[in-house]
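Per the working numbering, residue 352 is the first one in the sequence shown, and the count goes up by one each step.
To keep things clear, I will list the structure first and then write my remarks on it.
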Amino acid sequence: MDKELLQLAHDYRQCKLWKKLNENQVIAVDLAGKKTIYLSVLGILGEHIALSIYQDPKEVYQLKRVMESSQEPCFSPLHQQELFLDQDYLQVSFLNKEESDPEDVALIQAFRQDQGIRVRGPQTFPSIEVCRSNHLPWKPVAKKDLSVIKAALQASLDLALALEGLTQPERARLIPDLRKGQPIPLMKKEVQGYQIVATTPQPTKGRSPVIRHQRLNELELARLKKLPKTADLQLDLVLMPEPIQEFAKQAPFFMYSLVGVDAASTHCFITGFAREYWQEASGMLNQLMKELVDYGSAPHRICVTNERTAQLLQPLAAGLGIDCQIDPTACGLVRDFEEDLFQHSLSEDLVERDLDLEEWDLATLADQLRILEEIGSPNALPRDIRETILWQLYHALDSNIPIAFKQRIRHFLNQS
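This is the structure we're talking about:
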């Protein structure tokens, strides 16, 4: 972060734009006719002060899906986390000192001392991150992105001035909630700075989601619960300590997927994560493993690929009474299965490799129906997801999906 960026970040923190707008009020900024970026202001509740910068209309469409999906009945925290992680954007956030990178802290403090700036209160240390689908935030930012971030911060400062003196209803009319479907206000750089001069239509098409829908995993868990508890029932957890495919130096976020049951009733519980993010991964892993224990389908062994991963996993495995074994061949079990899961997020050429959103949704629905038909009846669904699943099925009946899918849905619903 250079001095210009630190000054812009400081000024943004001081203008408190998040007290005038919420994250659903998105604004577009024209960058000299070269590209349009979209800004979402976070911090209205004081929990996370940040400015999210979307550089593609498809990502704005994805953001809208996140907003709308949060209104679903029985919206699970894991599902919510996956939706948020399935976005591409830049973000300037403000952290407490103890949460910040020591090198950033030293740089920021030196800048403040040089400029005679005194700052008090929480969340005052700026942090810049690149957020990509299926990846944890990554701090190294490309030079081209830094110029975008500076323009976004400057536009935000100019917007804060323009909103001075306006009431909350007036601000809501000027910058409507994205979920209302109205055009997005567009700012362009004029003589006196960035000004709202026009509107731009909301994007009507997104990209295919990268992260496998949590609901599929919930259904797989429901199927496990119905299986007979035989002596040879086995669930193997295969841990991939390195990315299946690498994209620059970014590490894929911890993911998990349940694969189907083979003839021998052997289950494979498969995941991929990077070693340096074990702390973030272990919390989710622990929660899911406890769910499996509650379902009576806990694994009797865990396969890992090296000694380091085994050491990381030992406390969790011991706490759940699971044997942990090193198996270098375990990686081969997951490569074919997860290839389609990661193919979109780990390619620079996302445009050519993306499926239409409708195509992905149809494929997802097909997977859900397959699992539901194996479960047999709505009454066999766990209570915590039954309402959500039924809501989705009835919603699908009103959509334009193929008749064959509707017939399968009606047949399943009639089994209750």
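Note that beta-carbon positions come from the ideal geometry of N, C-alpha and C, so glycine has one too.
All values reported here derive from a predicted model rather than from experimental measurement.
Residue i by DSSP, collapsed to three states: which one?
i           : result
residue 846 : Residue 846 lies beyond the residue range present for the chain, which begins at 352 and ends at 767; the question has no answer from this structure.
residue 377 : coil
residue 598 : Note that residue 598 scores 32 on pLDDT, short of 50, meaning its location in the model is unreliable; the coordinates nonetheless yield the value given after this. Residue 598 falls in the strand class under three-state DSSP.
residue 571 : Its pLDDT being 49, under 50, residue 571 is placed unreliably by the model, and the measurement read from it follows with that caveat. The answer is helix: DSSP assigns residue 571 an H, G or I state.
residue 460 : helix
residue 741 : helix
residue 674 : strand
residue 372 : coil
residue 396 : coil
Leaving out five residues before and five after residue i in sequence, what residues of the same chain have Cβ atoms less than 6 angstroms from its Cβ?
i           : result
residue 403 : 391, 440, 442
residue 768 : What the structure shows of the chain is the stretch from 352 to 767, and residue 768 is not part of that stretch, so it cannot be assessed.
residue 401 : 393, 442, 444
residue 764 : none
residue 549 : 537
residue 527 : 533
residue 395 : 369, 373
residue 597 : Low local confidence applies: a pLDDT of 35 at residue 597 is under 50, so the model's placement there is unreliable, with the coordinate-based value given in what follows. Once the five neighbours on either side are set aside, residue 597 has no close Cβ partner at all.
residue 496 : 441
residue 529 : 375, 377, 415
Let's see if you can read the secondary structure: which residues bound the alpha helix (DSSP H) around residue i?
i           : result
residue 481 : Careful: residue 481 lies outside any alpha helix (DSSP H), inside the beta strand (DSSP E) at 476-482.
residue 497 : 494-514
residue 420 : 408-420
residue 553 : No alpha helix (DSSP H) holds residue 553; DSSP gives it neither H nor E.
residue 758 : 754-764
residue 732 : Careful: residue 732 lies outside any alpha helix (DSSP H) and carries neither H nor E.
residue 523 : 519-525
Leaving aside the five residues before and after residue i along the sequence, list all residues of the same chain whose C-beta is less than 7 angstroms from its C-beta, in chain order.
i           : result
residue 532 : 553
residue 501 : 355, 356, 359
residue 465 : none
residue 744 : 760, 764
residue 463 : 470
residue 508 : 362, 363, 366
residue 767 : 728, 729, 730
Using a Cβ-Cβ cut-off of 8 angstroms (strictly less than) and excluding sequence neighbours within five positions of residue i, which residues of its own chain qualify?
i           : result
residue 476 : 445, 446, 447, 448, 450, 451, 455, 456, 459
residue 757 : 747, 748
residue 716 : 747, 752, 756
residue 504 : 356, 359, 360, 362, 363, 402, 443
Can you give me the start and stop residues for the beta strand (DSSP E) that residue i sits inside?
i           : result
residue 539 : 535-541
residue 401 : 401-405
residue 354 : Run containing residue 354: none in the beta strand (DSSP E); it sits in the alpha helix (DSSP H), 354-366.
residue 442 : 440-446
residue 390 : 386-393
For residue i and residue j, which I take to be in contact (beta-carbon distance under 8 angstroms), what is that distance rounded to the nearest angstrom?
i           : j           : result
residue 360 : residue 540 : Actually they do not touch by this definition, with Cβ atoms about 19 angstroms apart.
residue 417 : residue 435 : 6 angstroms
residue 740 : residue 732 : 6 angstroms
residue 511 : residue 545 : That pair is no contact at about 11 angstroms.
residue 406 : residue 499 : 7 angstroms
residue 352 : residue 468 : Actually they are not in contact, since the Cβ atoms of residue 352 and residue 468 sit about 14 angstroms apart, beyond 8 angstroms.
With a threshold of 7 angstroms between beta carbons, is residue i in contact with chain D?
i           : result
residue 385 : In the displayed structure, chain D is absent; only one protein chain is listed.
* Quick one: any contact between the segment 490-506 and the segment 367-374, if contact means 3 or more CB pairs under 8 angstroms? -> no
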